[in-house]
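Residue numbers (our numbering): -11 to 74.
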């Protein structure tokens, strides 16, 4: 599945603003980054943004760190969202 390929390239990185999981490869041009996608993520506790065809995911609750356990289930949620969209 396309989302499997994308998830293989998910990396964690830190910035002064927090920890993120970025899908590094460019998302397809037909992908629509809109309020529906943002709200779907937000409903699952994930804040999402897009910059130059790279999707950035972070916890919608900054006080809850993305430790290794949380990362696993957050990625499952993200995977389900991506499979729906791709």
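Glycine included, each C-beta is placed from N, C-alpha and C at the ideal position. Quick caveat, the model's predicted, so the values are computed rather than measured.
- With DSSP collapsed to three states, give me the class of residue 26. helix
- Query: Do you know offhand how far residue 65's Cα is from residue 40's?
  - Reply: 23 Å
- Whole-angstrom Cβ separation of residue 30 and residue 47, contact assumed at under 8 Å? Not a contact, Cβ separation roughly 11 Å.
- Among 44, 45, 33, 37, nearest to residue 23 - alpha-carbon criterion: 37
- Query: Is it buried or exposed for residue 69, if we count other Cβ within 10 angstroms and need 16 for buried?
  - Reply: buried
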